[in-house]
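Asks: When we follow this note's numbering, the leftmost residue of the sequence shown carries the number 1, and every step to the right adds one.
Every residue, glycine too, gets a C-beta built ideally from N, C-alpha and C.
Please read these numbers as outputs of a predicted model, since none were measured by experiment.
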Amino acid sequence: MDSIQSSQDYPVVLKVEQIARNKILVTYDRPTDLSSATTITNYWIRGNQAPDNAASLGMDPALSSDNSLRPGQARITAVDASQTTYVITFWQPITRGVIYIVLPCFVSKLGSSGFQGVNWGPYSRNVWIGK
């Protein structure tokens with residue numbers, strides 16, 4: 001099985017890890033549509049404190065178009081041609097000790113577009129602690 005749940009027809013985050021003071025690596029369970037996967041406003045990051053250099057929202061607010069990541073805060077790029085692994089680069093360092101949760105939405109599978117749901121699930125390892 002090459003995905004978290006074979007019955008799902010959309011990409012799901014497998015894991016997230018911090019790879020530098022201002023970068024995280026996001027890995028999906030299957031190839032994604034490059035355009036939707038590299039649209040920074042398709043990503044929300046919750047922090048266990050108030051919004052900061054990496055967190056676009058705290059723990060309470062619902063996800064909305066007003067509190068997604070913005071181009072002035074970060075960018076996302078593909079790591080290689082697999083279209084499963086991406087780096088989010090923040091313009092400021094990630095705050096140490098804060099618990100973060102990456103919440104991507106609207107990322108379509110390769111060869112498709114228009115997915116309108118969330119891209120995480122019960123087996124996603126989409127939490128990290130800033131270091």
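With H, G and I counted as helix, E and B as strand and the rest as coil, what does DSSP make of ILE94?
Replies: Taking the sequence shown and counting its residues from 1, one reaches residue 94 at position 94. If DSSP states are grouped into helix, strand and coil, ILE94 belongs with coil.
Asks: From the DSSP output, read off the bridge partner residues of THR89.
Replies: Along the sequence shown, one-based indexing puts residue 89 at 89. According to DSSP, THR89 bridges with LYS23 and ARG75.
Asks: Whether or not the stretch 83 to 96 and the stretch 13 to 33 are in contact is what I'm after, with contact meaning three or more pairs of Cβ atoms, one per stretch, closer than 8 Å; do they touch?
Replies: Contact between the stretch 13 to 33 and the stretch 83 to 96 is present, because at least three Cβ pairs lie under 8 Å.
Asks: Does LEU34 come out as helix, strand or coil in the three-state DSSP assignment?
Replies: Taking the sequence shown and counting its residues from 1, one reaches residue 34 at position 34. DSSP places LEU34 in helix when its eight states are reduced to three.
Asks: Taking all protein chains shown into account, decide if ILE76 is buried (16 or more other Cβ within 10 angstroms of its Cβ) or exposed.
Replies: Locating residue 76 in the sequence shown gives position 76, counting from the first residue. So ILE76 counts as buried.
Asks: For TYR100, list the residues DSSP reports as bridge partners.
Replies: Taking the sequence shown and counting its residues from 1, the one referred to as residue 100 is at position 100. DSSP, once it has assigned bridges, lists GLY47 and TRP128 as partnering TYR100.
Asks: Excluding the five sequence neighbours on either side, which residues of its own chain have a C-beta within less than 8 Å of the C-beta of VAL98, listed in chain order?
Replies: By one-based count along the sequence shown, residue 98 stands at place 98. Within the same chain, VAL98 has close Cβ partners GLY47, ASN48, GLN49, ASP52, ALA54, ALA55, ILE129 and GLY130.
Asks: What does the alpha-carbon distance come out to for the pair PRO11 and ARG96?
Replies: Against the sequence shown, residue 11 aligns to sequence position 11. Against the sequence shown, residue 96 aligns to sequence position 96. If I take the Cα positions, the gap works out to 29 Å.
Asks: Could you check how far apart the C-beta atoms of ALA74 and ILE40 are, in whole angstroms? I think they sit under 8 Å.
Replies: Translated into the one-based positions of the sequence shown, residue 74 becomes position 74. Translated into the one-based positions of the sequence shown, residue 40 becomes position 40. Contact holds; Cβ gap of about 6 Å.
Asks: Kindly indicate which residue of ASN42, TYR100 and ILE101 has the alpha-carbon position closest to the one of SER65.
Replies: What you label residue 65 is simply residue 65 of the sequence shown in a count that begins at 1. Comparing Cα positions, the closest option is ASN42.
Asks: Look at ILE101 and ASN22 and say whether their C-beta atoms are less than 8 Å apart.
Replies: Translated into the one-based positions of the sequence shown, residue 101 becomes position 101. Translated into the one-based positions of the sequence shown, residue 22 becomes position 22. Cβ distance not < 8 Å, so ILE101 and ASN22 don't count as in contact.
Asks: Taking only the alpha-carbon atoms, compute the straight-line gap between GLY72 and TRP91 and give it to the nearest angstrom.
Replies: Locating residue 72 in the sequence shown gives position 72, where the first residue counts as 1. Locating residue 91 in the sequence shown gives position 91, where the first residue counts as 1. In a straight line, the C-alpha of GLY72 is about 8 Å away from that of TRP91.
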